[in-house]
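*Asks:*
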Amino acid sequence: MSQAEVTITLPDGSQKAVTAGTTIAEFVKTHIGPGLAKAALCATYDGEAVDLSRPLDHSGTLAIITPKSPEGLDLVRHDAAHIVASVVQRLFPGTQVTIGPTTDEGFYYDFARDTPFTPDDLARIEAEANAEIKADHPFVRTEVSREEALALFEKLGEKFKVEIVEDIFAKGAKTLTLYSHGGWTDFCLGPHGPSTGRVGVIKLLSVAGAYWRGDHRNAQLQRIYGTAFFTQKELDAWVHQQEEARKRDHRKLGRELDLFAFHPAAPGAVFWTGNGTLIFTELQGAMRRMCLANGYVEIKTPLLYNKLLWEKSGHWGKYRENMFLVLDSEADPSLPEDERASISLKPMNCPSHHLFYEMKRRSYRELPLRLHSQDVLHRNEATGALSGLTRVRQFQQDDAHVYLMESQITDEVKRLTQLIAKVYAAFGLEFTAKFATRPPNKLGDDALWDKAEAALQAALVETGLPYELKPGDGAFYGPKIDFDVADSIGRKWQLGTIQLDYLAPERFDLGYIGPDNAVHRPVVIHRAIYGSFERFIGILIEHYAGNFPVWLAPEQARIVPVTVGHYGWAEQVEARLLAAGLRVSIDRSHGKLGAMIRDAQLAKVPYTLVVGDKEVEAQGVSPRTHGTGKEADLGLQSLDAFVAKLAAEAVVPF
RNA sequence: GCCCCCUUAGCACAGUGGCAGUGCACUUCCUUGGUAAGGAAGGGGUCGUCAGUUCAAUUCUGACAGGGGGCUCCA
159 MSQAEVTITL PDGSQKAVTA GTTIAEFVKT HIGPGLAKAA LCATYDGEAV
209 DLSRPLDHSG TLAIITPKSP EGLDLVRHDA AHIVASVVQR LFPGTQVTIG
259 PTTDEGFYYD FARDTPFTPD DLARIEAEAN AEIKADHPFV RTEVSREEAL
309 ALFEKLGEKF KVEIVEDIFA KGAKTLTLYS HGGWTDFCLG PHGPSTGRVG
359 VIKLLSVAGA YWRGDHRNAQ LQRIYGTAFF TQKELDAWVH QQEEARKRDH
409 RKLGRELDLF AFHPAAPGAV FWTGNGTLIF TELQGAMRRM CLANGYVEIK
459 TPLLYNKLLW EKSGHWGKYR ENMFLVLDSE ADPSLPEDER ASISLKPMNC
509 PSHHLFYEMK RRSYRELPLR LHSQDVLHRN EATGALSGLT RVRQFQQDDA
559 HVYLMESQIT DEVKRLTQLI AKVYAAFGLE FTAKFATRPP NKLGDDALWD
609 KAEAALQAAL VETGLPYELK PGDGAFYGPK IDFDVADSIG RKWQLGTIQL
659 DYLAPERFDL GYIGPDNAVH RPVVIHRAIY GSFERFIGIL IEHYAGNFPV
709 WLAPEQARIV PVTVGHYGWA EQVEARLLAA GLRVSIDRSH GKLGAMIRDA
759 QLAKVPYTLV VGDKEVEAQG VSPRTHGTGK EADLGLQSLD AFVAKLAAEA
809 VVPF
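Note that our numbering numbers the first sequence so that position 10 is 168, with each residue one more than the last.
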């Protein structure tokens with residue numbers, strides 16, 4: 159190999175020698191093929207994402223990114239963010255730019271501007287952005303020094319950009335990379351596609367407020383959300399998919415299936431209908447039975463506590479604004495002193511459980527002591543944060559606290575993780591585990607944290623579950639494992655949690671008598687599996703699109719008599735099912751058969767039982783499941799067979 | 001709490017500075033029908049609340065409330 163050549167290894171393992179300094183674009187055209195050269199967006203060179211204009215100056219591996227690559231869409235969405243920013247600055251002079259990253263669904267760009275963007279503005283920006291795509295401006299990359307960069311953005315009056323540039327160089331960067339297209343320049347790590355024409359199509363979605371650097375004390379910026387696709391067809395498909403996702407929105411289905419409602423008189427608090435309450439209590443019962451079978455004790459504790467408890471737990475200082483004070487007359491001079499008090503609703507069960515633990519002497523023989531409660535909790539969430547069932551002010555958790563010796567941690571966490579995996583599997587919910595370690599504001603010394611993290615992680619490893627490491631994301635009182643599931647629209651929700659707590663036993667001065675007859679400090683594990691019943695039901699509604707499995711369905715079967723003459727047998731069928739503990743009703747609307755079946759289908763009842771002459775004669779039922787046509791009709795069967803089938807499906811799966 | 005948008009019958013939505021509309025649902029009557037909508041008639045609204053502009057406001061303006069999309073936060 160001559161001095162002027164470098165060897166490039168392609169993903170298929172083949173190697174090509176090329177003159178050093180050849181750009182990637184040139185290389186692809188001459189050494190691979192014009193088809194790929196045309197499709198290429200950027201490349202990875204020894205694992206680093208680079209522009210096609212990058213010269214090949216050393217031997218290494220090269221992979222070309224095209225619209226078909228997984229990274230391709232993210233790349234053009236980044237291009238799209240630049241295009242939108244350039245258009246906004248042209249249409250709205252004086253608007254300052256800040257940052258514009260991509261997201262899973264598209265991208266956003268934050269602008270500083272006094273007047274908010276209107277929907278009409280968005281439409282104009284979108285039209286102009288798509289015109290920029292048609293104009294097909296090349297993206298041009300240059301590198302500048304700190305001084306040049308600062309001079310440029312100061313001249314443009316971009317104070318947010320100046321701030322970021324200062325930061326970048328303060329962190330040790332030697333140069334700053336700029337990208338220009340159509341005469342508009344922004345700095346950016348890159349890479350970008352060869353030109354704006356490669357983006358395809360841009361759609362702007364919404365405007366929202368966002369804070370500079372995500373801190374609510376900072377300036378409020380205007381965030382424009384958008385997305386981009388290579389083709390209009392792909393965009394249309396995405397829009398369609400969004401509409402489908404909206405159809406299973408739990409707030410919509412909650413109304414349509416008559417599961418729950420809200421009233422302005424109690425924002426953020428749920429009115430559960432008969433149907434919704436059945437789902438709620440079924441979930442409660444399932445969790446209760448599982449806890450009982452796994453060594454838990456269910457207890458009920460007060461909902462209201464005076465300041466004494468909150469001062470002890472530490473909530474009075476930090477969490478007070480999130481608590482509902484039902485009585486706040488501590489400093490009221492118009493009241494006699496013995497009538498003054500500060501009483502609030504509990505926002506969580508932990509302090510109640512700690513008080514319960516310390517009410518009597520505990521022996522090491524009682525440990526692990528597992529306390530479970532499903533009490534009603536209240537948190538005064540910010541009005542803007544409330545959302546359907548997923549963020550409410552009044553809720554119930556499947557909460558438990560396990561008091562144990564340090565030597566028992568690994569075993570207990572393993573048991574818990576298995577329990578959680580079993581429950582999520584029963585719902586067919588995909589989940590991911592995250593292991594969060596000591597945060598910067600941790601309490602307790604490093605030796606303690608070393609021990610806690612090692613114990614928790616060892617248990618997690620032993621379960622064999624894959625997990626993601628979240629360094630510094632733990633609670634201030636201990637490390638934790640969080641469990642996330644994804645809903646139908648791809649939003650991720652934190653459901654279960656296992657948290658190790660060394661602080662609470664100190665604050666509450668908890669102890670147990672060890673085998674050595676001396677008092678020792680226990681450790682506490684906080685855990686929840688559903689998270690909260692409210693949020694969990696919201697996620698389940700979307701997960702099942704309202705088609706609950708039989709054990710959770712509020713109405714498990716609906717009897718549809720063909721004529722009023724069949725009511726007699728219908729009532730006998732109903733009685734048999736009710737006697738078997740099943741939830742069933744008779745449709746007495748005596749409309750057309752098709753209409754009654756349609757009603758049952760829309761109500762998403764798992765089984766519709768048509769009862770007519772045939773069924774009366776055979777003393778049987780003809781069940782029908784979801785869907786249209788013949789495959790939904792299960793045909794005539796004996797009542798005994800159907801009762802057995804339905805009862806089997808109604809069994810709690812965990 | 002902050003930014004933007006929305007609020008008309010139980011639900012989904014039209015509409016207008018001058019008597020409030022449609023579909024579904026609901027009630028009654030007719031229809032007794034075999035696997036996703038049979039027909040007719042009828043009832044139902046302080047057009048979110050409170051102010052302001054106007055001869056006149058559901059419509060224009062403002063404030064507030066509730067809801068939605070985000071930010072912050074979070075089970």
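Note that beta-carbon positions come from the ideal geometry of N, C-alpha and C, so glycine has one too. None of these values were measured; they are calculated from a predicted model.
Start and end of the beta strand (DSSP E) containing Tyr266?
*Replies:* From DSSP, the beta strand (DSSP E) with Tyr266 extends over Phe265 to Ala270.
*Asks:* Taking DSSP's pairing of strands, which residues face Tyr383 in a bridge?
*Replies:* BP columns for Tyr383 point to Tyr266 and Ser364.
*Asks:* Per DSSP, which residues does Pro213 bridge with? Please list them.
*Replies:* Paired residue(s): Thr181.
*Asks:* Could you work out which residue in Val801, Leu529, Pro764 and Glu539 is closest to Tyr561 when comparing CA atoms only?
*Replies:* Checking every option, the nearest Cα to that of Tyr561 belongs to Leu529.
*Asks:* Which same chain residues, not among the five before or five after His295, have their C-beta less than 7 Å away from its C-beta?
*Replies:* Once the five neighbours on either side are set aside, the close Cβ partners of His295 are His339, Gly340, Ser353 and Thr354.
*Asks:* Should the region 728-741 be regarded as contacting the region 704-716, the criterion being three or more beta carbon pairs within less than 8 Å?
*Replies:* Because the criterion of three Cβ pairs below 8 Å is met, the region 728-741 and the region 704-716 touch.
*Asks:* Rounded to the nearest angstrom, how far is the Cβ of Ile639 from that of Leu606, given a contact under 8 Å?
*Replies:* No, Ile639 and Leu606 are not in contact; Cβ-Cβ is about 18 Å, not under 8 Å.
*Asks:* Report yes if the CB atom of Ile257 is closer than 8 Å to the CB atom of Leu214, and no otherwise.
*Replies:* No, Cβ-Cβ distance for Ile257 and Leu214 is not below 8 Å.
*Asks:* For Leu797, which of helix, strand or coil comes out of DSSP?
*Replies:* Three-state result, Leu797: helix.
*Asks:* Spell out the partners DSSP gives Asn464 in its beta bridges.
*Replies:* Looking at the DSSP assignment, Asn464 forms a beta bridge with Ile501.
*Asks:* Shortest alpha-carbon distance to Ala285 belongs to which of Asp268, Arg782, Pro259 and Leu249?
*Replies:* It is Leu249 whose Cα lies nearest to the Cα of Ala285.
*Asks:* Quick one: Cα of Ile283 to Cα of Val245, how far?
*Replies:* About 6 Å.
*Asks:* Whole angstroms are fine: how far does the CA of Pro422 sit from the CA of Ser545?
*Replies:* Between Ser545 and Pro422, the C-alpha separation is close to 13 Å.
*Asks:* Tell me the DSSP secondary structure of Pro719 in three-state form.
*Replies:* In this structure, Pro719 counts as strand in the three-state DSSP scheme.
*Asks:* Once DSSP output is grouped into helix, strand and coil, what is the label at Trp342?
*Replies:* Looking at Trp342 - three-state DSSP - the assignment turns out to be strand.
*Asks:* Based on DSSP bridge pairs, tell me the residues matched to Gln554.
*Replies:* Answer is Val534, bridged to Gln554.
*Asks:* Taking the alpha helix (DSSP H) that Tyr635 falls in, what are its first and last residues?
*Replies:* No alpha helix (DSSP H) holds Tyr635; DSSP gives it neither H nor E.
*Asks:* DSSP state of Pro624, grouped into three classes?
*Replies:* If DSSP states are grouped into helix, strand and coil, Pro624 belongs with coil.
*Asks:* Do you know offhand how far Ala419's Cα is from Phe275's?
*Replies:* Straight-line Cα distance between these residues: approximately 33 Å.
*Asks:* What would DSSP say about Pro811, mapped onto helix, strand or coil?
*Replies:* Pro811 falls in the coil class under three-state DSSP.
*Asks:* Quick one: grab the DSSP three-state call for Ser172.
*Replies:* DSSP places Ser172 in coil when its eight states are reduced to three.
*Asks:* By Cβ distance, which residues of its chain are closer than 8 Å to Glu620, with the 5 residues on each side in sequence left out?
*Replies:* Thr568 and Lys572, listed in sequence order.
*Asks:* Could you give the distance in angstroms between the alpha-carbon of Ala309 and the alpha-carbon of Arg404?
*Replies:* Their backbone Cα atoms lie some 48 Å apart in a straight line.
*Asks:* Between Tyr454 and the rest of its own chain, which residues show a CB-CB distance below 8 Å, the 5 nearest in sequence each way excluded?
*Replies:* Hits under 8 Å: Arg528, Leu529, His530 and Ala558.
*Asks:* What do you reckon, are the CB atoms on Val357 and Asp278 nearer than 8 Å?
*Replies:* In this structure, Asp278 does not lie closer than 8 Å to Val357 by Cβ.
*Asks:* Applying the criterion that 16 or more other CB atoms from any shown protein chain within 10 Å of the CB defines a buried residue, is Arg537 buried or exposed?
*Replies:* Under this definition Arg537 is a buried residue.
*Asks:* Output needed for Leu231: all residues of its chain with C-beta closer than 6 Å, excluding positions within five of it in sequence on either side, in chain order.
*Replies:* Excluding residues within five positions, none has a Cβ falling inside 6 Å.
*Asks:* Counting pairs of Cβ atoms below 8 Å between the region 650-658 and the region 678-688, do you hit three or more?
*Replies:* Touching, yes.
*Asks:* With a threshold of 16 other CB atoms inside 10 Å of the CB of Ala368, please say whether the residue is buried or exposed.
*Replies:* The residue is buried, with at least 16 neighbouring Cβ atoms inside 10 Å.
*Asks:* If you count every other CB in all the chains shown that lies within 10 Å of the CB of His724, and 16 or more means buried, which is it?
*Replies:* His724 is buried by the Cβ-count criterion.
*Asks:* Can the beta-carbon of Gly348 be found less than 8 Å from the beta-carbon of Tyr337?
*Replies:* The answer is yes: Cβ separation under 8 Å.
*Asks:* Measure the beta-carbon distance from Gln254 to Phe265 and round it to whole angstroms, keeping in mind my assumption that it falls under 8 Å.
*Replies:* So it is not a contact: roughly 18 Å between Cβ atoms.
*Asks:* For the region 740-797, list the beta strand (DSSP E) runs that are entirely contained and at least 3 residues long, ordered along the chain.
*Replies:* If we require 3 residues or more, the beta strand (DSSP E) runs fully inside the region 740-797 come out as 742-744, 765-769 and 778-782.
*Asks:* By the DSSP assignment, the beta strand (DSSP E) with Ser690 in it spans what residues?
*Replies:* First-last of the beta strand (DSSP E) with Ser690: Val681 to Ser690.
*Asks:* Can you confirm whether the region 623-638 touches the region 590-599 when touching is taken to mean that 3 or more C-beta pairs between the two stretches lie within less than 8 Å?
*Replies:* At 8 Å Cβ cutoff, the stretches touch.
*Asks:* When you compare the CB positions of Ser510 and Lys504, do they come within less than 8 Å of one another, or not?
*Replies:* Yes. Within cutoff.
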